[in-house]
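Heads up, the thing below is written out as structure tokens.
Residue numbers (the working numbering), protein chains in the order written: chain A, 10 to 292; chain B, 2 to 405.
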């Protein structure tokens, strides 16, 4: 239910009144907070009510991929360069952080598709879906982080005061993931190709980010690693967690600034084109 | 009171029949929206106007019924009013809080309990936690689902889900209420309860109501709009007339024979009349109505019992009458003899409209039918006024024992 006291609908594009659109978007976020919370609690409860392993699922996937890479590296099938951290710790932290990023990236499109029926029948603040997605990523991410930290202590890595900044690093990964995911959501809701392309591209992107491989020192691949905006995010966050002084703090801040502005833009686009999407997908 | 709460001016909406094209146009529309295109909307190949140039106004206390065949554009109009999709032409103005009973129980998660889902659904509809806390008991009482409130919603029947959904949605206090055929699955008791609630809401609300159930429309609405492939075929305060036009838009059903025994043949049943429109006999209200059946009966049958049922356009029986046992032994000479049986009703007081006749022939009352058929003939009652009720009595009126 809308609380506005006079509502006008016309065919013209709302982008011609950008300030009004911006204002609507912010009030959407504000009014949608409680709904977002409810939706997140709903999905999390439902997610765990029908599983036997429950929270364990949050860690099985990253653990499996860590073991794979440790095995590949240990047997010499794949030779990974030298890492300052013990390699298992490097992979474990990398894949955990990457999986948080991927959860954030997939959330906008997945949640929008799952809410199709609601979106096409009820007028509620659309931003609530995105916000609920972020809450869910935070919840699942929190569990993963708890597990990494426990694993680090067992493996003999003792984080120092830098860990105070670590939550900021996680937030930056979620910010980047949400922004990127939301950017593809409108077209992804029309064409399912986008979802598939995205998951393929992301697999490729992972190998251009220091997740399981350390950054190459030279060559054109090194250049790709450097221009990849995710590189400073992953490196800085991992450094904060494992007690190293981050070496890419400048790029980290720049990427976050850009992502924040982009997030606003893609949120606006999401609100702007939702009526067109509903028209095309409405059940 | 005088200012309209809803103002719809020349609203149109186009749709595309093919999915591939529709998606492609969607992409174009997104691009147009992003660059702020203000181009005049015209039909692209494969598109049609799903809603075409619709206008109306609605004030507080008024209820507009939207009727029409499936796919005529009613729900599309409602979606535009609800702000879910944008009009391609025209302008919609709404003053006040908008509530919609379009999808009851939106956001219900089947794994969660009724209690948990009340909070979720209320939140989707824009209520906050403290509001729901206050209304919670009222919602549960209204739904009558006290015993199931901690059961997962996936074990609810569809009727129970609708009950819970309506109980939550009806707690909203909107100025403008949009209702789209939501009560179809509730049981009779709950439907009546819902109507009472809506009647109470109507006093300070403007309601727009989409339904295929004409009894509901006639009960709720103060004005009516009939849709035919996106166009307004009728709009006005004469609800009964609108409903009449709606029924006329469906072609008359042909007769169907259900049982035909040996030794009996139904030739025809007619209603003799002076006037016919498109072959349908027209009888004036308060004239005599005669139904004539011609049947052939062989000599084995000694008695006959003829029964008629008169049905309205919704196929609801209005009147039923039987001849009782007729001794036909003296009337037969050959093996097959034709009998003409007439039933006359003086001063017919059926309301204006089209009626059809079913026939049952048996040997006697309570015997197995020898012949039974639906819609063997139809006739139309003409009258100066439209009413919804099936009968208009020609009453004798008195005031203080003085005849009027």
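Backbone N, C-alpha and C fix where the C-beta goes; we use that ideal spot for every residue, glycine too.
- For residue 151 of chain B, the closest C-alpha among the options B:26, B:313, B:113, B:194 is that of B:113.
- The beta-carbon of residue 133 of chain A is placed less than 8 Å from the nearest beta-carbon of chain B.
- Our two residues, residue 158 of chain B and residue 135 of chain B, have alpha carbons roughly 27 Å apart in a direct line.
- Closer than 7 Å at the C-beta level to chain B, one finds these residues of the region 12-42 of chain A: 12, 14, 15, 16, 17, 18, 19, 20, 21, 22, 24, 25.
- Assigned with DSSP and collapsed to three states, residue 61 of chain B falls in coil, not helix or strand.
- A check of alpha carbon separations from residue 244 of chain B across B:22, B:268, B:216 identifies B:216 as the nearest.
- Taking every protein chain shown into account, the CB of residue 167 of chain A has fewer than 16 other CB atoms within 10 angstroms, so this residue is exposed.
- One thing to note: residue 114 of chain A has its Cβ within 8 Å of the Cβ of residue 186 of chain A.
- Residue 52 of chain B and residue 80 of chain B have their alpha carbons spaced roughly 11 Å apart.
- Residue range 370-383 is occupied by the beta strand (DSSP E) that includes residue 373 of chain B.
- For residue 136 of chain A, not one C-beta of chain B is nearer than 8 Å to its own C-beta.
- Within the DSSP secondary-structure output, residue 346 of chain B pairs in a beta bridge with B:290.
- In the DSSP assignment, residue 309 of chain B falls within the beta strand (DSSP E) that extends over 304-312.
- Boundaries for residue 206 of chain B: no alpha helix (DSSP H) harbours it, and the DSSP string shows neither H nor E there.
- Between the C-alpha atoms of residue 77 of chain A and residue 141 of chain B there is a straight-line separation of about 53 Å.
- Around the beta carbon of residue 381 of chain B, 16 or more other beta carbons lie within 10 angstroms, which makes this residue buried.
- Judged by beta-carbon spacing, residue 67 of chain B lies beyond the 8 Å limit of residue 59 of chain B, meaning their Cβ atoms are not closer than that value.
- Listed as beta-bridge partners of residue 235 of chain B by DSSP are B:227.
- With contacts defined by Cβ atoms closer than 8 Å, residue 94 of chain A and residue 184 of chain A do not form a contacting pair.
- With 16 or more neighbouring CB atoms inside 10 Å of its own CB, residue 240 of chain A falls in the buried class.
- Residue range 318-323 is occupied by the beta strand (DSSP E) that includes residue 318 of chain B.
- Counting only runs of 4+ residues, the alpha helix (DSSP H) found wholly inside the region 101-187 of chain A occupies 125-128, 136-163, in chain order.
- Across the set B:30, B:177, B:310, B:325, the C-alpha of B:177 shows the shortest separation from the C-alpha of residue 62 of chain B.
- A straight line joining the alpha-carbon of residue 199 of chain B with that of residue 27 of chain A spans about 39 Å.
- Residue 178 of chain B: member of the beta strand (DSSP E) spanning 177-181, first to last residue.
- Residue 400 of chain B counts as exposed, since fewer than 16 other beta carbons sit within 10 angstroms of its beta carbon.
- At a cut-off of 8 Å between beta carbons, residue 145 of chain A makes no contact with chain B.
- Looking from the CA of residue 235 of chain B, the closest CA among B:55, B:34, B:37, B:43 belongs to B:55.
- In this structure, the beta-carbon distance from residue 376 of chain B to residue 284 of chain B does not fall below 8 Å.
- Annotation for residue 44 of chain A: 133, 134, 137, 141 place their beta carbon closer than 8 Å to its own, counting only its chain and skipping 5 residues before and after.
- The Cβ of residue 140 of chain A sits no closer than 8 Å to any Cβ of chain B.
- A direct Cα-Cα distance of roughly 17 Å separates residue 50 of chain A from residue 112 of chain A.
- Look at residue 94 of chain B: its C-beta is under 8 Å from a C-beta on chain A.
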